[in-house]
Each structure stands twice: as C-alpha cells, then as structure tokens.
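Protein chains in written order, with my numbering: chain A, 3 to 340; chain B, 67 to 535; chain C, 14 to 179.
Ideal Cβ placement from N, Cα and C applies to all residues, glycine included.
First the structure, in the form of structure tokens, and then the observations on it.
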Amino acid sequence: MKRRGRGLACMWYPIGFTVTANPSAATVKVNEDGTATLLTGTVETGQGALTVLGQIAAEALGVATDDVHVVSGDTDTMPMDTGAIASRTTYVTGNAVKLAAEKARDILFEVAAPLLGVRADQLEARDRKIQVRAFPQRQLSIGDVALQAQAVKGQPAIGSATWNPPTVPMDPETGQGKPFNTYVYATQIAEVDVDDETGEVDVLRVVAAHDCGTAINPMLVEGQVEGGISMGLGFALQEEILFDAAGRQVNPNLTNYIMPTSLDMPEIEVDIVANYDPTGPFGAKGVGEPTAVPTAAAILNAIHDAVGVRITALPATAEKILAAIKARRAAAGKTLTA
Amino acid sequence: MDSKPVVDGQRQAELQRAATPGVAAEHPLRIYREPLPAVFPAELRVPEVRLQTPAVGQRATRPDARLHGLGQTRYIDDMAFPGMLHARIKRAGVASARILRIDTREAEAMPGVMAVLTGRDIPVNSFGPSFQDQPVLADDRVFHAGDGVAAVAAVTEQLAADALEKIRVEYEPLPAVFDPLEALREDAHQVHAPANNVYARKVIRKGDVETALAASAHVFEQQYRTQMVEHVPIEPHAAIALWDANGRVTLYSSLGRITLGRADVARTLRLPVNRVRLVGTIVGGNFGGKNEITQEPVLALLSKKTGRPVKGVYTRNEEFTASTTRHPFIMDYKTGVDRDGRILARKVRLVLDGGAYCSWSETTLGKAAILSVGPYRIDHLLVEACVVYTNKTMTGAMRGFGAPQVCFAYESQMDEIAAALGIDPLEIRLRNVFVNGSSSPTGQVLDSVVVRESLLQAAERFGWKEGGA
Amino acid sequence: MITIRFVVNGALQVLSVAPETTLLGALRNQLGLTGAKSGCEVGDCGACTVIVDGRSVNACLMLAVQADGCTVLTIEGLATREKLHPLQRAFEELAALQCGFCGPGAILSAKALLDVNPDPSRQEVRDGLAGNLCRCTGYTKMIDAVLHAAQELRAAPTSAATHGER
C-alpha cells in the first residue's frame with residue numbers, strides 16, 4: 003500500500019572558494035552606437051552564466067540585455083577568470099563585470115557632462131540614455147555619447163576590472179576565521195509516496211525556496227533549482243557507483259548506473275526568497291550548487307514520515323527501504339508479543 | 067531500434083529514380099553529395115524580454131539556447147581539423163600495481179597508428195589543484211583501475227581503440243585498500259607511501275563541546291553514510307590539440323576552467339604559459355567534473371609527436387572510471403539539545419573517501435567541515451574531518467563540495483530530534499536557525515541571512531501547517 | 014563499402030559507408046550534421062535521437078545501411094529557412110535548454126511524440142522524453158516547453174506539420 007509522507011530540509015552554502023583567492027577579471031567595451039561587448043574568461047557550462055553576466059553589464063550601462071554581446075572562452079584574448087566553480091560566477095565574475103561596466107560608463111559620463119552642462123557625478127545611465135539625475139528630460143542617447151566619446155573626444159568607453167571576495171584565513175587549530183564573504187540559504191520540502199510492499203518511492207512534489215540575493219534572471223534561477231533537485235533526487239534514491247572486490251567499477255555505464263529521467267521527476271514549485279546582498283552585483287549572490295544540497299535530506303525525511311523507517315546510508319533504494327520496513331515490523335511484532 | 071526499417075518497393079523505386087543522373091532536375095528532391103549546410107532561419111526575432119530595461123530581474127532568454135535548439139552549437143566533438151587524428155587512452159583495469167613493462171611495439175606497427183605515448187614521454191608527469199599527486203599517465207605505479215597507462219593516436223577512433231588492445235602491460239600486483247575506515251588504520255596499505263593515507267585534516271572548534279554535551283537534556287548519536295556518484299554530463303570530456311610552427315599549442319577543450327587549465331597544461335608540458343592557448347566553446351554539462359585537466363597534455367604530446375591535430379573524446383566508461391566522482395562520506399553526529407529542542411552542542415566526525423588522488427578533496431573537506439554543523443546557532447561544537455586515499459576512482463569537485471552529504475546527515479538528525487521531543491520539524495528548525503548577526507561555526511558574523519524566511523516561505527507554499535499538500 | 018541512398022532533411026543523399034558505420038557516424042562525419050550527439054554509444058542517453066520514417070531512433074544503435082531507403086530528419090532539418098519550429102522556439106523561450114547537449118535529441122523525441130499525439134497529457138510528455146537523459150534541467154521546463162509547443166501546433170496545424178518534410 004502506498005503511504006504518503008512529507009519532509010523538509012534547510013541548508014546554507016557559501017559562495018566562492020574557501021579562503022583561497024579566486025579572482026575574476028572582465029572587460030566591457032561600449033561600441034560607438036551604444037551597444038556593448040563584454041569579454042569574460044569564464045566558459046558557459048550550461049547554467050546561463052553568460053546571459054546573467056550580460057544582464058549585469060547591461061544594468062550597469064543602463065541598456066537592455068540584448069544590447070550587450072558576451073564573448074568568452076579563449077585564454078589568448080579573454081581576461082582571466084577562476085572559472086565556473088563554487089557557485090561563484092554571478093557573485094565574483096558578476097562583480098568584476100559590474101565594475102568594468104561602471105568604468106566604461108564613467109567615461110560616457112565624463113563625455114556627456116559638458117554636453118548636458120552638469121558634473122559627471124550628477125548623471126545616470128538608464129533606458130539607453132545618459133541623463134541628469136532627477137531631471138531625466140535632460141538626456142542624450144547612449145549611442146550619441148558613445149560616438150562622441152570615440153570619434154570626437156578620442157576617449158573610447160572601455161572599462162576593465164577585477165574582483166576577488168575578501169576572506170580571513172582559518173586558524174589551523176580551531177578553524178576560526180572568515181572563509182567566505184557570503185552565504186546563501188534554502189529550504190526544500192518533499193512529498194513522497196512509499197509503497198510499503200515494495201519499498202519503492204515516488205517523489206510527487208518538491209517545494210523549493212531559495213535565497214540567491216537578487217535574482218538577476220529568475221527564469222534561470224528556476225532552471226538551476228529544478229536541475230539541482232533532479233541531481234539531489236538521484237543522490238537520494240538511485241545513483242551509486244559500485245565496486246567489485248578488486249576495486250573495479252561494476253556499473254560504469256548508463257544502463258546500470260541509474261540517474262533520473264523525466265519519469266522520475268516530481269512537480270517542482272520554486273520560490274525565490276527576497277534578499278539583497280550589498281556585497282554582490284546589484285545584490286546578487288549565487289544559486290548553482292546549493293539547489294542540489296537539501297533535496298536528499300528532504301526526501302529521506304519524507305520517507306521516514308511515510309513509513310517510519312530512517313535510512314541512514316544513501317541511496318535509499320527500494321530494497322533498502324523494504325528491508326527496513328520488514329525489520330521494523332519484525333521489531334514491532336516482538337514488542338507486541340513480549 | 068532493433069530491426070531494419072522496412073522500405074516499401076514503391077518508395078525504393080522512387081528513391082532510386084531520384085538518384086539516377088538527369089532525373090534530379092525534374093524531381094522535387096535535390097541531390098547533395100556535399101555536407102549539408104545547417105539551416106539559419108531568417109527569423110531573427112529577438113524575444114521582447116531581451117529588449118527591456120532595466121536588465122536585471124528580466125526573464126531574459128539565452129542566445130546560446132537558440133543555437134542549441136537548432137543543433138548549431140559547436141561542442142568540442144563537433145569540431146574537426148584537416149588531418150586530425152583520434153586518440154584513445156589505455157586504462158589499467160587493476161587497482162594497485164607496479165608497472166613492470168609496457169610493450170607498445172605491436173601497436174606502433176599497426177597501419178594507421180601514428181603515435182603511441184606513455185608516462186615516460188610526459189615532461190612533468192603530475193598535476194592536481196591542491197597537491198600534484200596525479201600522473202597524466204601512470205608510469206611506475208597504478209593507484210586505481212581507471213589510471214591511464216598509454217595512449218594512441220590513429221587515423222580513426224576505431225583504429226585507436228584496436229591499437230590499445232595491442233599494447234601489453236605487465237603488472238606486479240600490489241596490496242590495495244578500498245574501505246576508507248580501513249585506510250585510516252595504522253597497519254593499512256599506504257596508497258602513496260611514504261605519505262600517510264590521511265592527506266588532509268580540518269578541525270573546527272568552538273566553546274566546550276564535552277561539557278555542553280554532558281549538560282544537555284538529550285543527546286542524539288547517529289552515523290550516516292553516503293555513496294560515490296558520478297557527474298554524468300551528457301557530453302563526455304573532449305579536447306583537440308594542435309600546434310603552430312612557433313611552438314604554441316592550442317587546446318580546444320570541454321574544460322570549464324580554462325584559465326587554470328592553461329597553467330596546468332603549461333606545467334605538465336614544461337612550457338611558458340603564453341605558449342598554451344585554451345579555447346572553450348560551450349561545456350556540455352560540468353557539475354564540477356570538468357574543473358581540471360584530464361587528457362589535454364596527452365593530446366598535446368600526441369599532436370607534437372605526429373605534427374597533426376589530435377582529438378580525444380572520453381567513452382562513457384571513462385566518464386565513470388577515469389574522471390572524478392562525488393566523495394563517499396562517513397559521518398558521525400552527536401548532538402545535545404535542551405528540552406525545547408535548542409541545540410546546545412554538536413560533535414561531528416567526517417571521514418571522506420578521497421580515492422586515489424587528491425583532486426579537489428581538500429576543498430571538499432574544508433567546505434564540508436564548515437557546513438557540517440548546519441545553518442544553526444550552536445555555541446559548543448567540534449568538527450574533526452579528514453580525507454583518506456583509497457585505491458578507488460578519484461573523488462573531486464561535484465556540485466555542492468560535500469554539502470549534500472553533510473546536509474543529509476544534519477537534517478536527518480534534526481528530524482530525529484524533533485520526533486523524539488515531539489516538536490514539529492519546521493518549528494524545531496525555526497528555533498535553531500541562523501539570523502542576521504549570528505556567529506558561524508568559524509566565528510564569522512553572518513549577514514544577508516534568510517534561512518528563516520526560506521523555511522516559512524516553503525512551508526507556506528507547501529501547506530505545511532495544514533498538514534500536507 | 015556499401016552505397017546507401019536516403020533522404021536526409023528533404024535532400025536525397027547517396028553515401029558510401031562501411032558496414033559497421035552507424036547512422037550517427039554517417040550523419041556526423043560524412044554529412045557534417047553534428048546536431049545529433051554521441052553521449053554513450055549504446056542507446057542509453059538519447060543524445061543522438063533522430064527521426065527515421067516518422068519514428069524516433071537512437072542513431073548510435075542504427076547502422077547506416079539500415080537507413081538505406083529511409084527518410085531521416087535531424088535537428089538541422091527541423092527549422093525552415095523562414096522560421097524556427099514551435100518546439101525550438103518554446104525550448105528557447107521557456108529556458109528548457111541549459112548546456113544544450115541533450116537538446117537536439119529531446120526536441121526530436123518531442124516532435125515524434127507530437128506527430129502521433131498532438132494533444133499529449135503531461136504524463137504522456139514525460140513518457141515521450143523518458144529516453145533522453147538530461148543532467149541540467151530536471152526536465153521540468155522541457156516538459157513545459159513541449160506542452161506549450163503542442164498547443165501552438167494545434168492552433169496552427171498546417172504551418173507546422175510539414176516542418177522538415179518538405
């Protein structure tokens with residue numbers, strides 16, 4: 003018979019490397035028509051990093067996402083980047099991109115200030131315009147300013163910057179220190195059906211509330227959460243590399259190593275927890291890895307809620323759950339007869 | 067697909083007629099004998115959301131996703147260069163052994179085999195992000211079954227694979243250790259003797275954990291374990307190496323971290339960094355598994371030997387056996403709480419199965435140790451964590467760096483505590499979680515903390531208070 | 014070597030192939046159609062999915078000679094010169110592709126499904142994508158995208174039904 007259960011798990015997760023420097027550099031070039039090109043040394047690994055970095059540059063320049071073309075992936079021509087690791091791209095590379103874009107923008111401000119009859123620090127970049135703060139009707143299009151900068155003033159609007167999160171080394175005896183500059187937080191709640199005759203688990207629904215600071219692109223945040231949950235589900239229930247007595251893997255293929263398919267996935271509801279981290283680009287932190295962190299714990303707690311057994315060694319395969327259910331029944335039987 | 071599709075006679079005749087010279091012109095089908103061009107739809111519409119300002123917060127679509135959907139993204143395996151050779155690496159298949167002899171003569175004599183490489187050919191045969199304990203190709207010792215022992219470049223993949231079969235390697239079997247707890251014992255086989263199997267430790271200490279445990283109303287103790295898992299990017303590791311006449315090597319690679327990859331390649335090849343160019347396109351799935359070099363130096367040296375571009379693509383088997391995996395953890399948790407479920411003290415012992423090489427184990431160990439206490443305010447804690455060598459597949463960076471493992475432990479125990487004390491699982495967490503200004507296990511004052519909000523928001527959405535969905 | 018004749022993305026192809034050449038090898042290496050990917054070589058991952066005579070197949074498991082006389086649709090033939098296929102547009106706009114490596118296969122599996130079942134339930138879409146492994150997306154947005162495209166195709170069936178089969 004199928005038994006319904008629910009379980010929750012929360013977590014915390016750091017952004018960036020543990021103490022170790024993990025800098026990023028970026029270059030933003032505003033072209034003579036007001037569009038921009040962003041150079042980054044990170045490589046797109048599927049998460050949508052380049053789109054997010056483009057949005058950060060666009061925001062800093064006051065233009066639209068599509069106005070920024072993002073170029074990446076060549077050590078000869080791109081600025082260095084520590085890379086797509088440790089959930090650091092939005093936060094660390096994002097900060098470098100924002101700083102680089104602001105430097106390019108400041109050149110535009112310098113060029114526009116005399117044209118608008120104000121000081122550079124009275125200007126803002128919004129809606130593809132350079133305008134006087136609080137007097138938006140006094141404005142020039144970013145394209146006009148960029149052309150002036152390059153073709154008249156001889157000051158092309160190019161900015162380069164680097165950023166590295168500040169940390170404090172950990173004491174080797176006590177571990178005390180500041181290993182990371184910021185952390186994100188999340189909760190996932192799973193609802194499962196467990197068949198108490200077979201031990202099989204159906205994960206029906208996962209509700210996930212994730213903090214990522216400002217969501218630069220909520221659609222891509224959702225994608226990360228959904229993907230992380232599928233990885234967490236495989237970790238919880240299915241996946242395991244097995245070895246023979248001689249230390250050789252026995253299931254090194256996708257026939258016998260079982261990972262989640264479309265049939266295994268629950269309905270997922272993603273909530274982004276409102277937050278703003280002043281140390282991140284426009285308040286953003288990150289979201290890549292943490293999405294895979296609490297899923298297994300939530301599912302295992304839900305299994306316990308459903309059938310009263312606690313599996314303490316992953317993965318919680320049907321065989322393991324069924325054995326635990328039988329052991330529990332046997333123990334209960336003994337208690338009754340005693 | 068298990069059988070040959072049936073083609074009806076009429077269709078067959080039609081196709082044959084279409085292929086007859088002179089017929090093509092009148093036939094609606096065009097005959098190509100050249101590679102087909104990819105279709106570039108004239109629909110160059112930019113989704114409205116990409117044109118809006120301000121940019122931050124927009125559900126902007128991805129330009130790369132359009133190319134993915136059209137099949138136009140060029141992953142590394144989709145690239146080819148004139149004269150390109152194909153490389154394959156022979157894997158040891160034994161977990162612990164001394165290599166007595168590698169006989170490559172028969173393979174080298176095969177028509178179409180252009181070069182064979184062994185560990186001796188590698189200028190600096192070691193790499194690794196923390197310790198350089200991993201050989202590019204094993205030359206003296208084998209430390210796990212997935213170690214590469216020789217590599218072949220041939221005119222086709224199939225020939226390269228066939229040539230691997232002709233390479234004879236003589237091994238002297240050595241003792242091995244596979245269980246991380248066994249590896250901790252003093253009399254255990256030391257994988258990288260004279261180095262101790264324990265290759266990194268981490269301690270986090272705060273307050274007085276023993277006194278606080280003794281003063282606790284309830285103490286909960288449990289061991290949790292997790293397994294080894296694989297990243298399973300759908301794109302296997304792939305790279306292409308080619309040299310120019312000025313002694314610069316270019317590597318097109320599925321590596322996710324090209325800046326650091328370049329330095330590692332330069333070191334193994336003993337080249338100045340500016341003589342190495344790393345180019346990435348789109349990584350077809352990473353999850354931490356493509357964070358360090360693998361076959362790049364091998365391909366570079368095969369390319370140098372042959373003077374031709376050399377491509378290598380891991381088989382799915384190699385993805386499992388010759389790339390990194392997620393660390394199995396053994397986690398002992400002892401937690402003292404008061405009657406209201408407030409955690410007073412927590413003692414954690416972590417043993418990480420580090421596999422044959424360090425890779426990103428040190429980082430994983432550090433993050434796991436820091437995070438193992440959970441997002442909870444605990445004044446008295448002790449975390450003792452270590453990672454040990456075993457003769458198994460190397461473990462390394464994988465999405466979460468040890469966090470999914472310790473979260474499984476601390477959140478399982480949280481529910482055990484809640485159940486024992488008759489407290490709702492949501493409520494017990496709300497009583498313990500960090501808030502702004504809380505001190506982390508490493509004594510860091512935390513801000514931008516919203517774990518409480520995430521709990522309440524998820525519970526609300528789920529309908530937790532109402533008892534379910 | 015064996016000579017095969019087959020129609021690929023609307024064009025007749027005559028190829029000389031070795032007996033052991035897979036359809037995937039012929040498409041990628043001889044025709045330059047690299048949209049179908051090699052992920053496992055044994056039919057587990059579905060990254061090589063193409064449509065042969067209306068059915069989705071793993072091109073890594075089918076020999077090129079078995080495609081003799083068949084009509085093959087690869088991802089490169091799904092869009093027209095004029096526009097994206099509704100599935101391609103939906104996958105883009107709903108963020109159903111992350112690293113994208115499984116994308117061509119998943120989209121073609123979805124097309125094969127919608128060709129025979131234009132109004133699938135969510136569960137039927139899950140079934141239709143079950144042979145395409147994806148490690149990035151958790152499938153959720155893919156399923157959403159297939160349902161979205163199905164709706165669009167039902168609303169304008171004539172414009173889309175001929176995609177790739179011109």
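Proximity test, Cβ basis, 8 Å: residue i and chain F
i	result
threonine 164(A)	Protein chains A, B and C are contained in the structure displayed, whereas chain F is not.
Nearest-angstrom Cβ-Cβ length linking residue i and residue j, presumed shorter than 8 Å
i	j	result
valine 269(B)	glycine 177(A)	6 Å
valine 215(B)	isoleucine 165(B)	7 Å
threonine 360(B)	histidine 297(B)	In fact, because the Cβ distance is near 13 Å, the residues do not count as touching under 8 Å.
glycine 212(B)	arginine 157(B)	6 Å
alanine 66(A)	leucine 117(B)	5 Å
Contact set for residue i: own chain, Cβ-Cβ below 6 Å, skip 5 residues either direction
i	result
isoleucine 327(A)	Asp198, Val309, Val311
glutamate 193(A)	Arg8, Leu206, Arg207
asparagine 303(A)	Gly9
alanine 108(C)	Lys154
threonine 16(C)	Ser29
serine 162(B)	Leu240, Ala242, Asn457
methionine 75(C)	Leu36
leucine 368(B)	Ala153, Ala181, Leu183, Ala219, Val376
phenylalanine 197(B)	Cys424
valine 345(B)	Tyr318
Per DSSP, the bridge partner or partners of residue i
i	result
arginine 207(B)	Arg164(B)
threonine 316(B)	Leu308(B), Arg343(B)
cysteine 452(B)	Arg267(B), Val417(B)
glycine 378(B)	Ala153(B), Ala305(B)
valine 499(B)	Tyr442(B)
asparagine 205(C)	With chain C represented from 14 up to 179, any question about residue 205(C) goes unanswered, as that position is not in the structure.
threonine 35(C)	Leu76(C)
glutamine 289(B)	Asp398(B)
serine 26(A)	Asp83(A), Trp165(A)
arginine 234(B)	Asp169(B)
tyrosine 187(A)	Trp14(A)
valine 73(A)	Leu41(A)
leucine 28(C)	Ile17(C)
Beta-carbon proximity list for residue i, same chain, < 8 Å, skipping 5 on both sides
i	result
glutamine 289(B)	Ile396, Met397, Asp398, Tyr399
aspartate 108(A)	Ala122, Gly161
glutamine 124(A)	Ala115, Val134, Arg135
leucine 521(B)	Leu492, Arg495, Leu496, Val499
threonine 77(A)	Gly43
arginine 167(C)	Pro131, Asp132
threonine 257(A)	none
alanine 153(A)	Glu34
Beta-carbon proximity list for residue i, same chain, < 7 Å, skipping 5 on both sides
i	result
glycine 18(A)	Asn24, Ala88, Arg90, Tyr93, Val94, Pro167, Phe182, Asn183
valine 218(B)	Ala153, Arg154, Ala173, Val179, Val182, Ala226, Ala229, Leu230
asparagine 219(A)	Gly50, Thr53, Val54, Gln57
arginine 465(B)	Phe353, Gly354
glutamate 92(B)	Low confidence applies to glutamate 92(B): its pLDDT is 44, below 50, so where it sits in the model is not reliable, and the reading given next is rough at best. Counting only Cβ-Cβ distances below 7 Å, and skipping sequence neighbours, we find nothing.
Cβ-heavy atom distance, residue i to the ligand PLP, below 7 Å
i	result
glycine 421(B)	With respect to small molecules bound, the structure shown includes none, and the ligand PLP cannot be examined in it.
Of the residues that make up the region 47-70 of chain A, which ones have a beta carbon closer than 9 Å to any beta carbon in chain C? Thr47, Gly48, Gln49, Gly50
Can you list, in chain order, the residues of the region 139-168 of chain C whose Cβ is nearer than 9 Å to any Cβ on chain A? Arg139, Asp140, Gly141, Leu142, Ala143, Gly144, Asn145, Leu146, Cys147, Arg148, Cys149, Thr150, Gly151, Tyr152, Thr153, Lys154, Met155, Ile156
For the pair the region 159-169 of chain C and the region 279-290 of chain A, tell me if three or more CB-CB distances fall below 8 Å. no
Mind listing which residues of the region 102-118 of chain C have their C-beta closer than 9 Å to chain A's C-betas, in chain order? Leu107, Ala108, Ala109, Leu110, Gln111, Cys112, Gly113, Phe114
State whether the region 218-237 of chain B contacts the region 154-174 of chain B, with contact taken as three or more CB pairs (one from each stretch) at a distance under 8 Å. yes
For the region 522-533 of chain B, enumerate the residues whose C-beta is nearer than 8 Å to any C-beta of chain A, in chain order. Gln523, Ala524, Ala525, Arg527, Phe528, Trp530
Residues of the region 301-323 of chain B in Cβ contact with chain C at a cutoff of 9 Å, in chain order, please. Glu301, Pro302
Closer than 8 Å is the cut-off here; do at least three beta carbon pairs connect the region 287-297 of chain A with the region 220-240 of chain A? yes
For the region 176-199 of chain A, enumerate the residues whose C-beta is nearer than 8 Å to any C-beta of chain B, in chain order. Thr176, Gly177, Gln178, Gly179, Lys180, Pro181, Phe182, Thr184, Tyr185, Tyr187, Ala188, Thr189, Gln190, Ile191, Glu193
Name, going along the chain, the residues of the region 54-83 of chain C whose beta-carbon falls closer than 8 Å to a beta-carbon of chain A. Val55, Asp57, Cys58
Please identify, using Cβ separations under 9 Å, the residues of the region 83-97 of chain C that lie next to chain B, in order along the chain. Cys83, Thr84, Thr87, Ile88, Glu89, Gly90, Leu91, Ala92, Thr93, Arg94, Glu95, Lys96, Leu97
Could you say if the region 22-41 of chain A and the region 64-84 of chain A meet the contact criterion of at least three C-beta pairs nearer than 8 Å? yes
Taking contact to mean at least 3 C-beta pairs separated by less than 8 Å, is the region 447-463 of chain B in contact with the region 248-260 of chain B? yes
For the region 334-353 of chain B, list every residue whose C-beta sits within 9 Å of some C-beta in chain C, in sequence order. Ile348, Val349, Gly350, Gly351, Asn352, Phe353
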